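Novice: In my numbering, the protein residues as written are 219 to 285. Just passing along the structure, written as structure tokens.
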């Protein structure tokens, strides 16, 4: 996952970096290092976001549309 893909996934989920940190139990500065490219986005973080996006997609399929 590239830094841009990481940022895009957060945006798609409507999460701030602090939201990701809380849910993934990582230091508050970690996502900034990934986004800046200082350190690569680890595979587990990419999988975490991919699963969150898939859960969001599946939840939308079973929820009735808002009227």
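Note that CB positions come from ideal geometry on N, CA and C, so glycine has one too. Nothing here was measured: the structure is a model prediction, and the numbers come from that model.
Taking Cβ to Cβ, would you say residue 271 is nearer than 8 Å to residue 222?
Specialist: Here the question's residue 271 lines up with position 53 in the chain shown. Here the question's residue 222 lines up with position 4 in the chain shown. No, these two residues do not count as a Cβ contact at 8 Å.
Novice: Taking all protein chains shown into account, do 16 or more other C-beta atoms lie within 10 angstroms of the C-beta of residue 278, making it buried, or fewer, making it exposed?
Specialist: Locating residue 278 in the chain shown gives position 60, counting from the first residue. By the beta-carbon neighbour count (other beta carbons within 10 angstroms, threshold 16), residue 278 is exposed.
Novice: Quick check: what's the CA-CA separation for residue 249 versus residue 235?
Specialist: Along the chain shown, one-based indexing puts residue 249 at 31. Along the chain shown, one-based indexing puts residue 235 at 17. As the crow flies, the alpha-carbon of residue 249 is around 6 Å from that of residue 235.
Novice: With 16 as the cutoff for other CB atoms within 10 Å, does residue 262 come out buried or exposed?
Specialist: For this step, residue 262 is matched to residue 44 along the chain shown. Exposed, since its Cβ has fewer than 16 Cβ neighbours within 10 Å.
Novice: Given this structure, state the Cα-to-Cα distance separating residue 225 from residue 253, to the nearest angstrom.
Specialist: Working through the chain shown from its first residue, we reach residue 225 at position 7. Working through the chain shown from its first residue, we reach residue 253 at position 35. Their Cα atoms are separated by approximately 7 Å.
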